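S.K.: No gaps in the numbering here: position 25 of the sequence shown is 174 in the numbering used here, and each next residue is one more.
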Amino acid sequence: MKPIPIFVGYDPREAIAYHTCVNSIIRNSSQPVAIVPVALNLFREYSETHTDGSNHFIYTRFLVPHLMQYEGWAIFIDGDMIVRGDIAELWNLRDSYKDVMVVKHDYKTRMTEKYLGAKNEDYPRKNWSSVVLWNCSHPSNKVVDQDQVNSLELNGAYFHRFSWLQDEEIGELDHTWNYLVGVYDDIEKPKLIHFTEGGPWFENYRDCQFNELWKQELYDMFK
C-alpha cells in the first residue's frame, strides 16, 4: 500500500505544535503515511522574500504540487492542528475533477491580532488554504512553481484565494476537516481541530476550546 503523502506546515517558533499534530495523524491513521515538514530551512532552491506572512510556511505551502513533481495527490495541513479522525477518510474524498479540495469557510475575523503578535487580517476565502487536498497532476496547478510563489508581484491574497483557478475547479470539504477553534461551535467531535488564532502551547490560549484534547495528544507522545 502506497503511503499517503502529507505535508505539514512547520514553524520553529511552534515546533511543539508541529510534533503534536504529526503524532495525532500517525496515531489515528488506518493507512501508512509519509509526513513531510514544510520548513523553510529545507528549501535549498527557494528563498523567502515576502514580509507579510504570519508563519514560516505562509507561501511555501503552495509548492506542494512542485514538490510532488506535479504527480498524484497530496494533503497539506497547517501545523497548528490535531487530527482526531482517520486521515485516510480525508484522503478518500479526492475528486479527480477538482484541482484542489478545501473547506470553504465563510466568516468574519473577530480578533485583529493572532499569536506571536501577527496581524489577523480579514479577507475573502480566509483559511481555505490551511487544509488542502492537492490534485498535483492537474494542468491548472502546474503554473504554480518556485518562481511564481517567490515573486513579489503576487501577494498572499492571490495564492490563499487560489486565484489561478476557476471557482468550479475548487472542490468542497465538510468543515469537520478544518474546524476553526473560536469560529465554529456546532460539532461535538471534529475530525480535525485547527487552533487558528492560537493554541494551548501559548500562555494566552491555555484554556481555549479543545485545549484538553491537544494537551492529551501532547501527553501521549511521552508515554
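By construction, the Cβ of each residue, glycine as well, lies at the ideal position given by its N, Cα and C atoms. It should be emphasised that the depicted structure is a prediction, and the values quoted were computed from it without experimental measurement.
1. Measure from the alpha carbon of N177 to the alpha carbon of each residue in Q365, L322, V232, then state which is nearest.
2. Between the alpha carbons of W240 and I224, how many angstroms are there, rounded?
3. Once DSSP output is grouped into helix, strand and coil, what is the label at W277?
4. Helix, strand or coil: which one does DSSP assign to A183?
5. Is it buried or exposed for R210, if we count other Cβ within 10 angstroms and need 16 for buried?
6. At the level of alpha carbons, what is the spacing between N269 and F156?
7. With a threshold of 16 other CB atoms inside 10 Å of the CB of S173, please say whether the residue is buried or exposed.
8. Excluding the 5 residues flanking G221 on each side, which residues of the same chain have their C-beta closer than 8 Å to its C-beta?
9. Below 8 Å, how does it come out for the stretch 273-284 and the stretch 339-357: are there three or more Cβ pairs, yes or no?
10. Could you work out which residue in G158, P152, V171, S312 is closest to F192 when comparing CA atoms only?
11. Ignore the nearest five residues each way along the sequence and tell me which others in S179's own chain have a CB closer than 8 Å to its CB.
M.R.: With the structure as the only source:
1. Comparing Cα positions, the closest option is V232.
2. Cα-Cα distance, rounded: 8 Å.
3. Assigned with DSSP and collapsed to three states, W277 falls in helix.
4. Here DSSP, grouped into helix, strand and coil, assigns A183 to strand.
5. Of the other Cβ atoms in all chains shown, 16 or more fall within 10 Å of the Cβ of R210; this residue is therefore buried.
6. Caution is warranted here: a pLDDT of 49 is assigned to N269, below 50, making its placement in the model unreliable, and the coordinate value is therefore given only provisionally. Separation of N269 and F156 (C-alpha to C-alpha, rounded to the nearest whole angstrom) is 24 Å.
7. Result: buried.
8. Residues P154, C285, S286 of the same chain have their beta carbon placed closer than 8 Å to that of G221, with the five preceding and five following residues left out of the count.
9. Counting Cβ pairs under 8 Å, three or more are found: they touch.
10. Checked all of G158, P152, V171, S312; the closest Cα to F192 is G158.
11. Answer for S179: D235, A237, listed in chain order.
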